[in-house]
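There are 2 protein chains.
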Amino acid sequence: MGTTSKALSLLSYFSRAMPRIGLSELARLSGLNKATVHRLLSELAEHGFVEQVGAGREYRLGPAFLRLAALREKQVPVREVALQQLTELSNKTGETAHMSLLNGDVLSNLAYAYSNRHGTMVMMEDAEVLELHSTGSGLAVLAYSPASFVDEILSRPLIARTSQTLTDPADIRALLPAIRRQGMAVSTGGFEEDVISHAVPIFDARSACIGAMAVAAPVSRMTDALRHNICDKLMVHARQTTRILGGFPPDTFPPYQPQTPLAEEA
Amino acid sequence: MGTTSKALSLLSYFSRAMPRIGLSELARLSGLNKATVHRLLSELAEHGFVEQVGAGREYRLGPAFLRLAALREKQVPVREVALQQLTELSNKTGETAHMSLLNGDVLSNLAYAYSNRHGTMVMMEDAEVLELHSTGSGLAVLAYSPASFVDEILSRPLIARTSQTLTDPADIRALLPAIRRQGMAVSTGGFEEDVISHAVPIFDARSACIGAMAVAAPVSRMTDALRHNICDKLMVHARQTTRILGGFPPDTFPPYQPQTPLAEEA
DNA sequence: GCGATCGGTTCATTATTTGAACCATTGGTT
DNA sequence: AACCAATGGTTCAAATAATGAACCGATCGC
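From first to last, the protein sequence lines are chains B and Y.
Sequence positions in the first sequence follow the numbering used here and run 45 to 310.
Sequence positions in the second sequence follow the numbering used here and run 45 to 310.
Right, dumping it as structure tokens:
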């Protein structure tokens with residue numbers, strides 16, 4: 045691994061759950077020498093990628109990202125496009141819609157939209173982390189990822205978020221062909237109890253899967269009618285999002301077919 | 045310069061004006077060897093900090109920034125705080141309010157708010173770059189920056205954006221004491237003709253100047269009454285922003301005094 | 001078909017990175 | 001108050017990774 049990669053990988057240890065990290069702890073997490081981590085952090089800090097916070101001298105992500113994210117978004121307005129689509133999708137389904145992007149071996153939430161049709165909604169947050177094995181979005185991404193990547197992911201310990209989380213690699217592999225046939229993944233209670241999530245993958249210009257768009261609803265509210273409505277609208281908006289972003293679904297991706305209660309299967 | 049710094053500095057060549065850069069061009073811009081740049085870009089690309097775009101194989105900023113910016117914003121909601129303050133400021137003054145952060149030797153715009161009081165407004169954009177010598181915000185920052193930084197900035201060629209831009213280092217230095225006395229900088233037509241900009245510096249927890257909040261108005265609309273209103277409201281909201289962000293003005297920073305037409309001077 | 005680009009690669013030389021051991025501080029425990 | 005175990009940070013010889021001139025193959029304009 046190059047020095048630059050080491051420096052950049054340090055950034056990946058910052059998360060919602062661990063927003064500030066001390067020097068020694070970061071050295072432990074990354075397996076690098078403390079002196080090395082210190083030098084890398086100093087260089088990162090010089091460029092505003094991290095900064096030190098008050099007393100404990102811990103480090104946190106720096107202000108440079110605001111500028112660079114704004115530039116990125118100006119060039120490729122993924123978030124803006126996603127928000128438009130999600131707002132429509134959420135309005136049409138009456139449920140929470142969200143979109144997440146693949147970031148290493150995990151999905152991170154990019155944007156979301158709530159509906160005000162019901163008193164209760166599945167809640168979401170920006171930059172929330174979604175695991176590939178326990179969420180509908182993750183399964184959708186796995187189904188359209190290279191075999192080597194799937195092997196890599198499934199070879200690691202799969203944490204059971206709920207009693208319904210699939211943790212056997214074989215069980216998860218068995219789902220993928222069906223997801224590929226339908227162009228959509230469904231996960232019931234895999235990440236949070238009582239939440240059912242439908243997800244459709246999003247592709248880039250090289251037809252690589254870069255993330256997923258999903259609708260998350262309380263299990264208690266799910267009916268055949270709602271399911272069909274969600275499937276139909278989700279398929280439309282996910283495909284549209286891929287297209288607007290300049291991406292192309294792979295040749296094997298099933299074309300859109302209007303979903304009616306009669307057309308149901310599986 | 046360490047390897048990491050070289051890699052990170054490559055990112056700084058991407059801008060609104062130059063959103064995509066080819067390998068050879070980036071090598072030329074940075075003065076590094078083409079092979080070196082290629083290796084650094086490959087490492088950056090591995091982590092999603094840059095990506096290659098279609099035909100020309102040029103590079104642009106990658107999707108990783110969206111996630112990291114969201115995390116940063118979650119931890120230190122500068123943008124959110126700024127937007128609230130700017131919206132109020134813009135409403136109270138009837139003019140465009142914006143806030144920019146120091147990024148190396150230049151300010152980059154973080155957020156802005158328009159008023160709908162008038163048919164014409166000074167326009168702004170996110171991630172827009174403001175030079176230190178030609179803008180009100182830049183002068184405010186210079187006035188509260190270390191002497192060595194000021195020397196560094198003023199030793200470089202100062203581009204004349206308009207016929208009214210100050211390009212003589214001595215002229216600019218002469219302004220700084222008055223700015224420090226008032227806690228506010230004013231620039232008329234320095235960046236764009238017919239725009240007058242009032243700016244107040246923003247400070248962090250160590251009382252270092254990290255950027256500026258400003259109100260930009262058409263010169264044609266400027267009256268004594270508007271000027272006093274802008275000064276008063278800008279002082280209030282800039283100080284409030286510093287405070288909310290956990291920062292402290294330096295001891296030398298003048299305390300807020302209500303601005304009335306009678307209290308005017310220079 | 002030529003010349004001048006481009007992105008990308010190679011490999012001996014070189015300079016940077018590395019890490020064990022070392023401070024100075026801090027905070028909790030005996 | 002003495003002690004221990006943390007912390008962030010520093011040092012410098014040894015080891016490793018970065019470097020860059022020259023080289024491909026492809027593309028473009030003429």
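In this text, a Cβ means the ideal position worked out from N, Cα and C, and glycines have one as well.
Consider the Cβ of residue i: report whether some Cβ of chain Y lies at a distance smaller than 8 Å.
{"i": "B/Pro245", "result": "no"}
{"i": "B/Glu102", "result": "no"}
{"i": "B/Asp268", "result": "no"}
{"i": "B/Ala282", "result": "no"}
{"i": "B/Thr285", "result": "no"}
{"i": "B/Arg205", "result": "no"}
{"i": "B/Glu87", "result": "yes"}
Would you mind telling me which residues of chain B sit closer than 8 Å to residue i, beta carbon to beta carbon, in chain order?
{"i": "Y/Asp149", "result": "Chain B residues near Y/Asp149: none, gap ~12 Å exceeds 8 Å."}
{"i": "Y/Pro63", "result": "Leu115, Lys118 and Gln119"}
{"i": "Y/Ala171", "result": "Arg111, Ala114, Leu115 and Lys118"}
Using a Cβ-Cβ cut-off of 8 Å, state whether residue i counts as contacting chain B.
{"i": "Y/Thr47", "result": "yes"}
{"i": "Y/Arg72", "result": "no"}
{"i": "Y/Leu145", "result": "yes"}
{"i": "Y/Leu105", "result": "yes"}
{"i": "Y/Leu55", "result": "yes"}
{"i": "Y/Arg217", "result": "no"}
{"i": "Y/Arg123", "result": "yes"}
Mind listing the chain B neighbours of residue i? Cutoff is C-beta to C-beta under 7 Å, in chain order.
{"i": "Y/Phe93", "result": "Leu52"}
{"i": "Y/Glu90", "result": "Ser49"}
Take residue i and list the residues in its own chain whose beta-carbon comes closer than 8 Å to its own, dropping the five residues that flank it on each side.
{"i": "Y/Gln119", "result": "none"}
{"i": "Y/Gly66", "result": "Gly100, Arg101, Glu102 and Tyr103"}
{"i": "B/Asn77", "result": "Ala71"}
Report the CB separation of residue i from residue j in whole angstroms; it is logged as a contact under 8 Å.
{"i": "B/Tyr156", "j": "B/Ala141", "result": "7 Å"}
{"i": "B/Leu33", "j": "B/Gly255", "result": "Because chain B spans 45 through 310 in this model, residue 33 of chain B falls outside it and cannot be assessed."}
{"i": "B/Ala313", "j": "B/Thr211", "result": "Outside the shown range of chain B, which is 45 to 310, sits residue 313 of chain B, and nothing can be said about it."}
{"i": "B/Ser56", "j": "B/Gly148", "result": "7 Å"}
{"i": "Y/Leu112", "j": "B/Arg116", "result": "Contact flag wrong, Cβ pair sits at about 10 Å."}
{"i": "B/Pro48", "j": "Y/Glu87", "result": "Strictly speaking, residue 48 of chain B in this sequence is Thr, with Pro absent from that position. B/Thr48 to Y/Glu87, Cβ: 4 Å. Contact."}
{"i": "Y/Gly235", "j": "Y/Thr164", "result": "Correcting the residue identity first, residue 235 of chain Y is Phe in this sequence and not Gly. Y/Phe235 to Y/Thr164, Cβ: 17 Å. No contact."}
{"i": "B/Gln129", "j": "B/Thr285", "result": "5 Å"}
{"i": "Y/Ile223", "j": "Y/Ala184", "result": "6 Å"}
{"i": "B/Leu174", "j": "B/Ser144", "result": "5 Å"}
{"i": "B/Leu289", "j": "B/Val122", "result": "6 Å"}
{"i": "Y/Val97", "j": "Y/Arg64", "result": "6 Å"}
What residues in its chain sit with their C-beta under 6 Å from that of residue i, if we drop five residues either side in the sequence?
{"i": "Y/Val259", "result": "Thr137, Glu139, Ala141, His242, Ile274 and Leu278"}
{"i": "B/Pro298", "result": "Gly227"}
{"i": "B/Ala307", "result": "With a pLDDT of 49 at B/Ala307, under the threshold of 50, the predicted position of this residue should be treated as unreliable, though the coordinate-derived value follows. Cβ neighbours of B/Ala307 beyond the five flanking positions: none."}
{"i": "Y/Arg265", "result": "none"}
{"i": "Y/Gln303", "result": "His272, Cys275 and Asp276"}
{"i": "B/Ala261", "result": "Glu139 and Ile240"}
Give the residues of chain Y in contact with residue i, contact being defined as C-beta atoms less than 9 Å apart.
{"i": "B/Ser319", "result": "The first residue shown for chain B is 45 and the last is 310, placing residue 319 of chain B beyond what the model contains."}
Excluding the 5 residues flanking residue i on each side, which residues of the same chain have their C-beta closer than 7 Å to its C-beta?
{"i": "B/Met168", "result": "Thr140, His142, Asn153 and Tyr156"}
{"i": "B/Glu309", "result": "Only weak support exists for where B/Glu309 lies, its pLDDT of 49 falling under 50; the coordinates are left without a value."}
{"i": "B/Ala51", "result": "Leu84, Glu87 and Leu88"}
{"i": "B/Leu220", "result": "Leu186 and Ala187"}
{"i": "Y/Ala282", "result": "Val244, Ile246 and Met257"}
{"i": "Y/Val263", "result": "Thr232, Gly233, Asp238, Val239 and Ile240"}
{"i": "B/Ser68", "result": "Lys78"}
Determine the chain B residues that contact residue i at a beta-carbon separation under 9 Å, and present them in chain order.
{"i": "Y/Phe58", "result": "Leu112, Leu115, Arg116 and Gln119"}
{"i": "Y/Glu236", "result": "The contacting residues do not exist; Y/Glu236 stays about 20 Å from chain B at best."}
{"i": "Y/Thr84", "result": "Correcting the residue identity first, residue 84 of chain Y is Leu in this sequence and not Thr. Near Y/Leu84 (Cβ distances below 9 Å), the residues of chain B are Gly46 and Thr48."}
{"i": "Y/Pro299", "result": "None at all; the shortest Cβ gap to chain B is about 25 Å."}
Problem - Stretch pair the segment 258-277 of chain B + the segment 228-243 of chain B: three plus CB contacts closer than 8 Å - result: These segments touch.
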